[in-house]
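*Asks:*
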Amino acid sequence: MILCGVVLFGSLAGRLAADDEVLVRCEVMPLPGQQVQLNIDGVEKLRWHAADNAPRPFFYPFNGPSGVSLTRMGHPGAQNHDHHRSVWFAHNKVNGIDFWSDNTAARIRQKYWYRYRDGNDEAVMAFVLGWYGPDGDELMEQDVVAAIIPLENNEHAVEIQTTLRPSANRESVMLEQTNFGLLAVRVSKTISAYFGGGHLTNSEGVTGEKDIFGKPARWMDYSGPVIVGTEASRKAVTEGITYFDHPSNPGYPSSWHVRDDGWMAASVCMHAAQMPTADKPLTLRYLLHVHSGDVDQKTAEQLLEAFSARPGFLIRKPVAGEPHRQYEVERVSSQSDRN
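In this note's numbering, the protein residues as written are 1 to 339.
Have a look at this one:
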């Protein structure tokens with residue numbers, strides 16, 4: 001009886017240990033149609049779309065704590081801004097080619113994914129994009145690492161690291177001077193200052209497009225009402241997205257391209273072009289904090305401090321003891337660790 005009990009206890013302990021490894025908080029879930037869902041505690045927070053039925057990939061939905069997307073697809077009043085797809089990468093002058101609007105044959109395509117990694121502290125997805133001109137010639141490759149990080153009060157952050165380099169047949173690629181690029185956010189209609197009841201606020205406490213546009217800031221926030229519930233239970237709650245620049249990015253603190261009609265972007269090329277080379281690629285880091293209520297300056301500064309100190313990511317080939325994968329992604333503490 002005692003031996004039986006020991007065996008049963010050992011078996012149960014083994015199952016519990018396995019459950020501890022399986023029941024992680026943060027998950028990356030590949031879906032049909034080149035979509036990837038990122039979940040926290042079994043709840044979808046955002047989704048990556050990489051199918052070729054759009055000119056470039058994007059994240060949508062980008063759900064807030066209430067479960068409603070804080071972003072939208074396209075401009076509320078202008079069909080010539082349908083290229084505003086929620087949260088996306090684009091640039092309108094790469095070697096003179098427009099990768100921003102939909103009035104171009106240039107395309108951004110996902111080539112393959114490197115790694116999907118689940119965990120309790122974060123889930124990470126890593127992939128590579130190719131930037132192709134109208135003639136189909138590849139100008140640039142873009143590595144992307146996106147991590148979803150759970151926070152208190154059902155909030156979360158999405159950390160994005162992207163590295164741009166010329167394609168294998170090129171020594172350099174020019175991201176020309178422009179307001180348009182590289183990571184853009186189109187908020188929902190109700191959060192928009194013009195179409196809804198929201199407002200823009202930057203790290204210096206300045207509000208509104210007129211006083212913020214083109215000015216440097218360590219972070220930018222767009223907060224406003226979102227509608228939750230159905231039928232008689234529908235109501236408005238306030239939620240928002242705080243978009244953080246990183247001290248390692250060129251030109252930090254970034255100047256910002258913002259609009260009261262509902263979008264914001266750290267404009268890395270607003271004042272000068274950037275030229276990634278084969279020997280010196282361009283790495284950019286950003287953080288998007290999805291929060292309840294209006295922006296809280298103290299919380300934003302704490303998140304910026306933590307983000308500034310947090311190691312970035314390295315995509316590498318696996319080593320001994322890392323079977324069943326083609327690539328691994330890990331955080332590294334210094335540039336020398338990346339080499």
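Just so you know, even glycine gets a beta-carbon here, dropped at the ideal spot from N, CA and C. Please read all numbers here as calculations on a predicted model, not as lab measurements.
Tell me whether residue 169 is buried or exposed, calling it buried when 16 or more other Cβ atoms sit within 10 Å of its Cβ.
*Replies:* Here residue 169 refers to the residue found at position 169 when the sequence shown is read from its first residue. Exposed is the call here.
*Asks:* Using only the alpha-carbon positions, how far apart do residue 204 and residue 53 sit?
*Replies:* Along the sequence shown, one-based indexing puts residue 204 at 204. Along the sequence shown, one-based indexing puts residue 53 at 53. Roughly 40 Å between the two C-alpha positions.
*Asks:* Might you give, ordered along the chain, the residues of its own chain that have their beta carbon closer than 8 Å to the beta carbon of residue 209, omitting 5 neighbours on each side?
*Replies:* Residue mapping note: residue 209 aligns to position 209 of the sequence shown, counting from 1. Around residue 209: 193, 200, 258, 259 and 260.
*Asks:* Going by CA-CA distance only, name the one from 42, 65, 33 and 66 that's closest to residue 51.
*Replies:* Start at 1 with the first residue of the sequence shown, and residue 51 comes out as number 51. Among 42, 65, 33 and 66, the Cα nearest to that of residue 51 is on 33.
*Asks:* Based on the DSSP output, what are the partners of residue 97 in its beta bridges?
*Replies:* The count along the sequence shown starts at 1 and reaches residue 97 at position 97. Per DSSP, 94.
*Asks:* Do you know how far the Cα of residue 23 is from the Cα of residue 94?
*Replies:* Indexing the sequence shown from 1 puts residue 94 at position 94. Indexing the sequence shown from 1 puts residue 23 at position 23. Looking at the two C-alpha atoms, the distance is approximately 43 Å.
*Asks:* Return the CA-CA distance between residue 35 and residue 272, expressed in angstroms with no decimal places.
*Replies:* By 1-based counting over the sequence shown, the position of residue 35 is 35. By 1-based counting over the sequence shown, the position of residue 272 is 272. Their Cα atoms are separated by approximately 34 Å.
*Asks:* In three-state DSSP terms, what is residue 211?
*Replies:* Taking the sequence shown and counting its residues from 1, one reaches residue 211 at position 211. Three-state result, residue 211: helix.
*Asks:* In whole angstroms, give me the CA-to-CA distance for residue 72 and residue 48.
*Replies:* For the purposes of this step, residue 72 is taken as residue 72 along the sequence shown, with counting starting at 1. For the purposes of this step, residue 48 is taken as residue 48 along the sequence shown, with counting starting at 1. If I take the Cα positions, the gap works out to 14 Å.
*Asks:* Using the C-alpha atoms, what's the distance from residue 120 back to residue 18?
*Replies:* As a first step, residue 18 must be located in the sequence shown, where it is residue number 18. As a first step, residue 120 must be located in the sequence shown, where it is residue number 120. Since pLDDT at residue 18 reaches only 45, below the 50 mark, its modelled position is unreliable, and the value read off the structure follows with that caveat. Residue 18 and residue 120: Cα-Cα distance of roughly 14 Å.
*Asks:* Could you tell me if residue 326 is buried or exposed, where buried requires 16 or more neighbouring beta carbons within 10 angstroms of its beta carbon?
*Replies:* Residue 326 sits at position 326 when you count from the first residue of the sequence shown. So residue 326 counts as exposed.
*Asks:* Please work out which residues of its chain come closer than 6 Å, Cβ to Cβ, to residue 7, disregarding the five sequence neighbours upstream and downstream, and give them in chain order.
*Replies:* Here the question's residue 7 lines up with position 7 in the sequence shown. Residue confidence for residue 7 is low, a pLDDT of 42 falling below 50, so the modelled location carries little weight; the figure read from the coordinates is stated next. Cβ within range, chain order: n/a, list empty.
*Asks:* Report yes if the C-beta of residue 230 is less than 6 Å from at least one heavy atom of the ligand PLP; otherwise report no.
*Replies:* This structure simply doesn't include the ligand PLP, nor any ligand for that matter.
*Asks:* So, is residue 9 buried or exposed, given that buried needs 16 or more other C-beta atoms within 10 angstroms?
*Replies:* Taking the sequence shown and counting its residues from 1, the one referred to as residue 9 is at position 9. With a pLDDT of 43 at residue 9, under the threshold of 50, the modelled position of that residue is not reliable, and the figure given next carries that caveat. Classification for residue 9: exposed.
*Asks:* Would you mind reading off the limits of the alpha helix (DSSP H) that contains residue 151?
*Replies:* By one-based count along the sequence shown, residue 151 stands at place 151. Where residue 151 is concerned, there is no enclosing alpha helix (DSSP H), given that its DSSP letter is neither H nor E.
*Asks:* For residue 274, which residues does DSSP report across the bridge?
*Replies:* Indexing the sequence shown from 1 puts residue 274 at position 274. 175.
*Asks:* To the nearest angstrom, how far is it from the Cα of residue 100 to the Cα of residue 320?
*Replies:* Mapped onto the sequence shown, residue 100 falls at position 100. Mapped onto the sequence shown, residue 320 falls at position 320. Straight-line Cα distance between these residues: approximately 42 Å.
*Asks:* Measure the C-alpha to C-alpha separation of residue 237 and residue 196 and round it to an integer number of angstroms.
*Replies:* Taking the sequence shown and counting its residues from 1, the one referred to as residue 237 is at position 237. Taking the sequence shown and counting its residues from 1, the one referred to as residue 196 is at position 196. If you take the alpha carbons of residue 237 and residue 196, they lie about 13 Å apart.
*Asks:* Could you give the first and the last residue of the continuous alpha helix (DSSP H) run that contains residue 195?
*Replies:* For the purposes of this step, residue 195 is identified with residue 195 of the sequence shown, where counting begins at 1. Premise fails: residue 195 is in no alpha helix (DSSP H) and is neither H nor E.
*Asks:* Skipping 5 residues on each side, what residues in its chain have a beta carbon closer than 6 Å to that of residue 126?
*Replies:* Taking the first residue of the sequence shown as position 1, residue 126 is located at position 126. Here the set comprises 114, 115, 145, 315 and 329.
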